[in-house]
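See below for the structure under consideration.
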Amino acid sequence: MPANLFETTNVQIAGEKGAQIGIKLTGCLVVTEVNHASISHMKLNIGDIIQSVNGQRVERREQFTEMFVKTTNAGSFVMDIVMQRPLTAKPVKPEQIPRGYEIVSGCKYHLGIMYKIPGCKLSLSVKAFMSKVFVTRTEDCTLAGLTLKIGDAILDIEGQPVSTVQETSEALFKALKKGYAFMVIEQPVELVNKNIVRQALTTDRSTEPPVQRDVVGICKSELRRFNENPDMNPPKEILRDDKKSKRGEPGHVSVSDKSEDVPIACDGNPALLMSVPIPNFQIASQQATPSNQQK
Numbered sequence: 001m002p003a004n005l006f007e008t009t010n011v012q013i014a015g016e017k018g019a020q021i022g023i024k025l026t027g028c029l030v031v032t033e034v035n036h037a038s039i040s041h042m043k044l045n046i047g048d049i050i051q052s053v054n055g056q057r058v059e060r061r062e063q064f065t066e067m068f069v070k071t072t073n074a075g076s077f078v079m080d081i082v083m084q085r086p087l088t089a090k091p092v093k094p095e096q097i098p099r100g101y102e103i104v105s106g107c108k109y110h111l112g113i114m115y116k117i118p119g120c121k122l123s124l125s126v127k128a129f130m131s132k133v134f135v136t137r138t139e140d141c142t143l144a145g146l147t148l149k150i151g152d153a154i155l156d157i158e159g160q161p162v163s164t165v166q167e168t169s170e171a172l173f174k175a176l177k178k179g180y181a182f183m184v185i186e187q188p189v190e191l192v193n194k195n196i197v198r199q200a201l202t203t204d205r206s207t208e209p210p211v212q213r214d215v216v217g218i219c220k221s222e223l224r225r226f227n228e229n230p231d232m233n234p235p236k237e238i239l240r241d242d243k244k245s246k247r248g249e250p251g252h253v254s255v256s257d258k259s260e261d262v263p264i265a266c267d268g269n270p271a272l273l274m275s276v277p278i279p280n281f282q283i284a285s286q287q288a289t290p291s292n293q294q295k
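Residue numbers for the sequence shown follow the UniProt record's numbering, beginning at 1 and rising by one.
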């Protein structure tokens with residue numbers, strides 16, 4: 001790959017004796033997975049190429065493992081890791097915008113770079129809406145999650161304008177055969193543009209969102225715990241016995257008649273979230289204040 005697609009950076013990873021590094025490496029020292037519960041979370045990313053540890057150059061995966069084990073056995077430690085990190089975004093040039101495409105006011109544009117990393121999943125879902133291809137799903141620690149966000153519009157892949165799902169799929173897989181792909185990305189900035197993107201994402205939704213990675217990890221760990229001890233009894237019963245006396249005292253929680261329910265939703269891309277509206281009773285109070293002062 002071209003050298004200008006990487007930047008040299010370093011991170012310090014601290015831990016206690018016996019801590020796990022929580023990453024998977026290829027033979028060429030490319031990070032392909034980062035455990036969210038490990039000391040490497042928020043420090044290393046997939047695609048990082050480890051160069052040296054504590055000033056000592058590393059050339060093999062086995063060498064890195066030996067250095068890490070030796071460092072962690074000494075008690076509390078701090079590792080200084082120098083690596084080559086792939087760039088995932090660059091400024092877009094005017095000539096890279098698809099010919100004839102009208103720049104939308106209230107949106108920003110950049111050149112996204114996606115890489116083909118052995119051992120990493122793509123995990124990308126897109127949909128076509130009004131002749132644009134929008135990203136509808138990505139996951140953390142995947143090729144798509146490294147470069148794209150939910151709500152991004154893919155306008156062009158390697159100089160080929162795309163407006164359908166099939167065009168996007170064919171152009172992306174063709175470009176990734178050489179190891180990387182350049183994409184012109186449009187992202188909403190103003191509220192009006194975010195509303196349009198939100199409409200595009202929610203129109204004719206036919207696929208259910210996947211279970212998040214942390215939920216999958218929790219379920220797997222619980223299944224493993226149950227399988228290791230199938231006769232395990234709960235420390236406390238969660239079901240009440242009807243024969244036991246019921247509470248005679250009244251409840252201590254009361255709800256005001258003026259209370260309001262405000263639904264709060266989550267979004268895969270926080271940039272697309274809307275502000276919580278001001279409660280109606282606060283608006284009424286603000287409107288009543290000037291009239292009271294005039295009296």
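Note that CB positions come from ideal geometry on N, CA and C, so glycine has one too.
Under a 10 Å Cβ-count criterion, Gln166 is classified as exposed, with fewer than 16 other Cβ atoms of the shown protein chains found around its own Cβ.
At a cut-off of 4 residues, not a single continuous stretch assigned as alpha helix (DSSP H) sits fully inside the UniProt domain "PDZ" (10-59). Looking at the DSSP output, Arg137 bridges to Ser125. Arg240 sits in coil when the DSSP states are folded into three classes, being neither helix nor strand.
For Gln12 and Ser254, the gap between their C-alpha atoms comes out near 51 Å. Check the Cα spacing between Ile196 and each of Arg61, Leu29, Cys107, Val53: the tightest is with Cys107. The count of Cβ pairs closer than 8 Å, one atom from the stretch 140-148 and one from the stretch 116-127, reaches three, so the stretches are in contact.
Phe77 sits away from Ala175, with the two beta carbons spaced by 8 Å or more. Here the stretch 54-62 does not lie against the stretch 30-46, with fewer than 3 beta-carbon pairs under 8 Å apart. Leaving aside the five residues that flank Phe64 on each side, the residues in its chain whose CB is nearer than 6 Å to its CB run, in chain order, Val58. Here the alpha carbons of Leu87 and Val104 stand approximately 25 Å from one another. Runs of the beta strand (DSSP E) spanning 3 or more residues and lying entirely within the stretch 94-118 occur at 107-115, in chain order. Exposed is the label assigned to Lys93, since fewer than 16 other Cβ atoms lie within 10 Å of its Cβ. Burial is judged here by how many other beta carbons sit within 10 angstroms of a residue's own beta carbon; Met114 has at least 16 and is buried. In the structure shown, the three-state DSSP call for Ile150 is coil. DSSP, read as helix, strand or coil, puts Leu5 in helix.
In the three-state DSSP reduction, Glu167 falls in the helix class (H, G or I). Ranked by Cα distance from Ile23, the first of Asn227, Ser38, Gly217, Ile238 is Ser38. CA-CA distance, Leu223 to His36, rounds to 19 Å. Annotation for Val189: Gly106, Cys107, Lys108 place their beta carbon closer than 8 Å to its own, counting only its chain and skipping 5 residues before and after.
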